[in-house]
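*Asks:*
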Amino acid sequence: MMMRLRVSFFVFFMLGLGQTHSGAAIAQTSQVTPAHVFQITEEALVELDSILEHQDLYFNRHINKPPERQPRHVWQKSREVIVKLQAYQKMSGLEVFKTPQLTVKVVMPSDVKMLAEQILDAMRIMKRNYGVSAPDAVVSFSTRKTPTDVYLNLTKISAKLDFLFGNAVTPSDVYHIAVTIRNILQNMHHVRAERALVPFASIPLKGKRPRDVYEAGFALQAKLKGLEKKPGYKIEGGIARVEVRGSRITPSEVLDLLDVVLADVNELARSIGIKGATALSPYEGKKIPTDVFRILREADALVETLL
Amino acid sequence: MKAARAKHLESRPISASEQEGFFNYFHPSLFVGLIVVCILPFILTFFFDVSFASDPYTINIEEVATWGLSKEAITDEMFYSLTGGVQHGLLEWSAIVIAMLCALLTLAHYRINKDIIAPIIGMTLLCSGLVDAFHAFASLRLTDALTDTKDLVPFTWVLSRGFHAVILIVGVIIALYLVKPNTPSKARKERQKGNRRGLYIIVGVSALFIVVSTSVIFTVANSLTLPQTQYPTALITRPFDVIPLGLFIIAAPLLWTLHKRVLSAFSAGLLLILMPEITTQAHMAFGSSSLYDSHFNIGHILKVVVYLVPFSALVMDYIRTYAELQAEVALNERIQVALVKAKDKAERATNMKSEFLANMSHEIRTPMNGVIGTTGLLLDTNLTSKQLHYAKTTMKSAEALLELINDILDFSKVEAGKLDLEKVPFDMQRLVADVSEVIAIRCREKGVEFLLNFTRDTERYVIGDPGRIRQILFNLLSNAVKFTNEGHVLLTVKSVSRPSGDLEYLITVEDTGIGISQEKIEQVFNKFDQADTSTTRQYGGTGLGLSISRDLSEMMGGYLTVDSVHGEGSTFSFVILVEKDTDNNEPGEGVNSLVNLDVLKPLKVLSVDDSAISNEIVLEQLEGYVTKAVSVNSASGCLDLLKEAADLGEPYDIVITDFCMPQMDGKMLAEAILDDPSLKWPVLVLMTSAPKKGDGSTFKEIGFTGYLTKPIFPKEIPLVLAASYAASISSQTTPLVTRHSVLGAEEQRKEKIILKNTHILLAEDNAINRMVAESILAQYGCFITPAGNGKEALELVRQRDFDLVFMDCQMPEMDGFEASQKIRQLEAQVDSKRIPIIAFTANAMQGDRERCLEAGMDDYMSKPVKQEVMEAILVKWLPEKVADPASVVESVIDHDVLATLKQLLDGQHLDIVESYLTYAQETVVAITAAAANDDAKAVRDLAHGLKASSKQVGAV
């Protein structure tokens, strides 16, 4: 936002032309749409930017818009943000919000809205906690927003929180997501296994890098695409497309991928009639990329039994 | 050629393309492309949210270390984390490298186009590159600056940009100052004129820029604190970057003016760099809030473009120049082809001209032979003083004309490449002496001293072309005499043996004449060109002599040079290579002389001459022959020295003095010496360059023992001094010692050869030429039988025996070639003795000699007939006929009777002599027959008649 302002200023400077901003009229509807959720995440972003500005921090990382995302993916991203905020809340002695549980049901924008509001609330509390006196942000409503737009905003919020807290996503952050994926697939295996599980080779693994983990996640997702084509596994929007990344893979990229995979695996589980909430695996520290890699290979073996 | 091309470029009218300006030098598509490059990142960023940022790779290296990765993998991760810095570094270095290449290209541009603007701007780019390099080092943590890195890196960016803007403006202002508002061609002309000045300016400006840039770097690197330049959350994130932005906007009109004054792709490129300059600064000032963000990277990419634009413009200038050169090369090739054709044509014309000249000279030489010969004969008759004057004038004019013809013939031979050099053994010393004798006479006539220095160790006997060497010597010496009115002419001859066995002769002719100015000195070797036309008017001459002499020197493996100071004199030197005549072991003159040189050994000699060179020559000749040889340059000095030596009890034994000296001449000196008994009366020898009739008796009376005329020939001084000393101590009265009295008898004998009973057939159709040849041959006592053509000659050879035949080549009915062939055939048929046949013709071109020899002739002699050449031929081919001249001259011919006869008959005496010879031959035959018949009476009567007739013609 600030950058756009500056660019506008330069344009005024160069051309000597004034320009007035005519924002779109805010439209409120009773039905929750991605646009509503987007508005909330926008406000959350403004609040977060004010904190960063207050802290004299300037986030300069550019985050590309992802391919099309479904509400279930947005929900997972929201959960990721909430987990990060919980860490801050714990550290700051604030009231810690509950971790949203995975529910085996179709995720609707309203479900995401609930999490988004939780995020906004947490953000405002944090703002006050940082001593930022600016009034709560109000962002005008924009129509024609998609879950993908919301996903992008949440990705920005997630990245900016890392920037604010000075944290980087670690393999341990990724590990428990991978374990959750494996657990859901295990459940699916119990219900729908078409062949026996070929135990994952007990070859000692070592020296895996985030890039290897990312490739393993990518391979898993490819198998899920195959699975989704089988009768009974049909899910809304299909398995999400993930951009192939170059060699520069950090745990952050892996987490982003596995969040998407988790959302899709959860939806696949729902498609075959598995009911009830699936517990997010508890956080375990001191994990390395090799650990995540092993879990993903186990998950891969489980998918093999379903194909 | 170069000058002509430069003149053409300067004078050509300004082309339409030059007048068009900007887009003619910078193609519109490139212009549009540049706009796109500058604007597109902004559009993509602003409207399409495209990012050019280097994504920060936030990673905890300590944690990565726990992942169990290999070293290589960890290194990879670390490199990933440095991506932004590395990208920045690469962009900066790209800019620096391009800036440097640009600067180099501008220097090359200056070298080719002499355009001073390019290197000045190139230097600004280079210095900007230097500060950029400092910034790049700072960002890569390679500098050892005192301040904190977080301030140093952004500040050095601002510094580099600000410096770049300022130095560019300064460079452009200097350029505008140097290039006044003129038309391009005039500006080019001015720039070309001021080459050296331009170079100084470039060096000066470069030094200034480099000093300023390094000072700035040094100052910043040594600053403890630097101002904050980044305000990420402010509206203007990098306010310092606004300064260069403003400066670039200010530079716009300056660069436009520069482009208008200097129309080139480079100046157009300079104008265009403002686009990337301004957009770079805009992105940085208003967009970039942190390192490696999108605007930061766009700014740096555009900075590379900033340097790329002038670089590309210079390349375009090169392409343009190359295209122009290609066109010029094509034009030059066409001109070259035309020139080669013209040259061939000119050479053909020259050859034709040479042939024509050779033919013409041949045609002229034939009648000239008659003119000179008959004039010579005329001069031998009794003439009135008026007739004598006219005849002499005719002779002089004819000789001058012949000389001119000879020059033209030589010139045409050289031009046609048909001049062949002879290789015959000869005595170089003799040749030099012969030439010197002639030149000395001319010098005497002008009152100029002629000096000869044939240095001691100079080889005498060599193999080469004496005629051509003589020609060069005559030419140089004649010129020296001609252009010298006072002072001296010095001829120096030296030889050096080369490792190859050849001899290198260095012959120098020095004079104290009018000299040649430096501007004219090169012209003297031009054909038909003397130093200036006034020289030609005053001194005459064809202007061919020096040119021919130089050509001859070069043909003899050497060269001819001149060194001269106007008004002081000239020195012409030529070097020639000749072979050493190892077969000739003839000792030098004087070695066989009766003069005993050993008498000189204990003696002390004093040389007196106001000419230092003359003294040097005397001392050099005496070196090794005497105990002591000293020179002094005045008579008074001589007297002092003599007195001093006498007082010391070591008086000088011989004084050799010049006659012509200022204040006290040689005669007065001698009188002074002889008047003073205390001087022990040394032997006195006089040298003079102005001998007079009666000198011998005059100087003998004064008290001189020896007498020499200048020039002094090699080894003469020791001989004359020894002879003089020997005469002085002799109890008998001796005549004055001269060079003639010490020379061997053989030298004198050579001048009087007579051929005994020699019958010569002279085949010549031209009556005058025949008469001249007959007259010369008659002097050698030959019996001549004339023939009017080859046919007659052949018939005479059939009938009678001849000792030698002179055969003219061009004759009616049967030419000399055919006649010679038939004579040889005749000899073969009757198996008779081979008669020497000497070609006798006016032809003088290459191939004539070969043609004569092929026809069966034995030797070759060109017209006009010269006595010495004729004599050489006779001695060469009829050595057995050469009689002892003394006996012949004294006992056979009474010259007084012959002279009386000649005077009385006024030219008709030859007829009488001829009749006498016929009568004598017939009488001898009749006496022989009578004797065979034992008819004593008849023998007596016939002999009596012959005796009486012989007395009448002096054949005593």
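Residue numbers (the numbering used here), protein chains in the order written: chain A, 1194 to 1500; chain B, 643 to 1598.
From the three backbone atoms N, C-alpha and C, an ideal C-beta is built for every residue, glycine too.
As the structure is a computational prediction, the values presented were derived from the model and not from experiment.
Is there a C-beta anywhere in chain B that falls below 8 Å from the one on residue 1327 of chain A?
*Replies:* no
*Asks:* Going by CA-CA distance only, name the one from A/1268, A/1284, A/1310, A/1280 that's closest to residue 1294 of chain A.
*Replies:* A/1268
*Asks:* Would you say residue 1213 of chain A faces chain B, with C-beta separation under 8 Å as the test?
*Replies:* For residue 1213 of chain A, the pLDDT reaches just 30, beneath the cut-off of 50, and the residue's location in the model is therefore unreliable, although a value from the coordinates is still provided. By this cut-off, residue 1213 of chain A is not an interface position.
*Asks:* Flag residue 705 of chain B as yes if its beta-carbon sits less than 8 Å from any beta-carbon of chain A, otherwise no.
*Replies:* yes
*Asks:* Ordered along the chain, which non-local residues of its own chain (more than five positions away) have a Cβ less than 8 Å from that of residue 1466 of chain A?
*Replies:* Around residue 1466 of chain A: 1384.
*Asks:* Between residue 1336 of chain A and residue 1235 of chain A, what straight-line distance do the alpha-carbon atoms span, to the nearest angstrom?
*Replies:* 13 Å
*Asks:* Taking buried to mean at least 16 other C-beta atoms within 10 Å of its own C-beta, is residue 1570 of chain B buried or exposed?
*Replies:* exposed
*Asks:* For the structure I just gave you, are there three or more beta carbon pairs, one from the stretch 1395-1406 of chain B and one from the stretch 1419-1430 of chain B, closer than 8 Å?
*Replies:* Verdict: yes, contact present.
*Asks:* List, in order along the chain, the chain B residues whose C-beta lies closer than 9 Å to that of residue 1421 of chain A?
*Replies:* Within chain B, no residue comes near residue 1421 of chain A; the closest Cβ sits about 31 Å away, beyond 9 Å.
*Asks:* Just by C-beta distance, which residues in the stretch 1253-1267 of chain A are closer than 9 Å to chain B?
*Replies:* Residues of the stretch 1253-1267 of chain A that bring their beta carbon within less than 9 Å of a beta carbon in chain B comprise 1253, 1254, 1255, 1256, 1257, 1258, in sequence order.
*Asks:* I'd like the span of the alpha helix (DSSP H) that includes residue 920 of chain B, first residue to last.
*Replies:* 916-924
*Asks:* What do you get for residue 1443 of chain B, buried or exposed, if any count of 16 or more other CB atoms within 10 angstroms of its CB means buried?
*Replies:* By the 10 Å Cβ count, residue 1443 of chain B comes out exposed.
*Asks:* With a Cβ-Cβ cutoff of 8 Å, do residue 900 of chain B and residue 767 of chain B count as a contact?
*Replies:* no
*Asks:* Starting from residue 1512 of chain B, trace the alpha helix (DSSP H) in both directions and tell me its first and last residue.
*Replies:* 1509-1519
*Asks:* Report yes or no: is there a C-beta of chain B within less than 8 Å of the C-beta of residue 1441 of chain A?
*Replies:* Chain B contact via Cβ: present.
*Asks:* Helix, strand or coil for residue 1327 of chain B, going by three-state DSSP, please let me know.
*Replies:* Note: residue 1327 of chain B maps to strand in three-state DSSP.
*Asks:* Applying the criterion that 16 or more other CB atoms from any shown protein chain within 10 Å of the CB defines a buried residue, is residue 1457 of chain B buried or exposed?
*Replies:* buried
*Asks:* Alpha carbon to alpha carbon, what distance is there between residue 1368 of chain A and residue 706 of chain B?
*Replies:* 15 Å
*Asks:* May I ask you to report which of helix, strand or coil DSSP gives residue 1005 of chain B?
*Replies:* helix
*Asks:* Just to confirm my understanding: we take residue 1426 of chain A, look at its own chain, exclude 5 residues before and 5 after, and list those with CB closer than 6 Å. What are they?
*Replies:* 1420, 1461, 1464
*Asks:* Only counting the same chain, and skipping five residues up and downstream in sequence, which positions put a Cβ closer than 7 Å to that of residue 1244 of chain B?
*Replies:* 1269
*Asks:* Under the three-state reduction of DSSP, which class applies to residue 1483 of chain B: helix, strand or coil?
*Replies:* strand
*Asks:* Spatial neighbours of residue 1221 of chain A within its chain, please: CB distance less than 6 Å, with the 5 preceding and 5 following residues excluded, ordered by chain position.
*Replies:* Low local confidence applies: a pLDDT of 41 at residue 1221 of chain A is under 50, so the model's placement there is unreliable, with the coordinate-based value given in what follows. Answer for residue 1221 of chain A: no residue qualifies.
*Asks:* Just to confirm, is the Cβ distance from residue 1439 of chain B to residue 1477 of chain B under 8 Å?
*Replies:* yes
*Asks:* Going by C-alpha to C-alpha distance, which of B/815, B/923, B/906 sits closest to residue 680 of chain B?
*Replies:* B/923
*Asks:* Measuring only the C-alpha atoms, how far is residue 1346 of chain A from residue 1333 of chain A?
*Replies:* 15 Å
*Asks:* Report yes if the C-beta distance between residue 668 of chain B and residue 893 of chain B is below 8 Å; otherwise report no.
*Replies:* Contact annotation: residue 668 of chain B and residue 893 of chain B have beta-carbon atoms that are not nearer than 8 Å.
*Asks:* Going by beta carbon distance, what residues of the same chain come within less than 8 Å of residue 1498 of chain B, once the five residues before and after it are set aside?
*Replies:* In the same chain as residue 1498 of chain B, and ignoring 5 residues on each side of it, the C-beta atoms closer than 8 Å to its own belong to 1462, 1463, 1465, 1466, 1479, in chain order.
*Asks:* Should residue 786 of chain B be flagged as near chain A, meaning a C-beta pair shorter than 8 Å?
*Replies:* no
*Asks:* Using beta-carbon positions only, say whether residue 915 of chain B and residue 952 of chain B come within less than 8 Å of one another.
*Replies:* yes
*Asks:* Provide the residue(s) that pair with residue 1103 of chain B in DSSP beta bridges, ordered along the chain.
*Replies:* Partner(s): B/1069.
*Asks:* Over the uninterrupted alpha helix (DSSP H) stretch that includes residue 1047 of chain B, give me the two end residues.
*Replies:* 1027-1058
*Asks:* So which residues of chain A does residue 709 of chain B contact, with C-beta pairs closer than 9 Å?
*Replies:* 1364, 1400, 1401, 1402, 1403, 1481, 1482, 1483
*Asks:* Report the rounded CA-to-CA distance for residue 1489 of chain A versus residue 1454 of chain A, giving the unit in angstroms.
*Replies:* 11 Å
*Asks:* Just to make sure I have the definition right: I need the residues of chain A whose C-beta is within less than 7 Å of the C-beta of residue 722 of chain B. Which are they?
*Replies:* 1441
*Asks:* Name, please, each residue of chain A whose Cβ falls closer than 8 Å to the Cβ of residue 712 of chain B.
*Replies:* 1400
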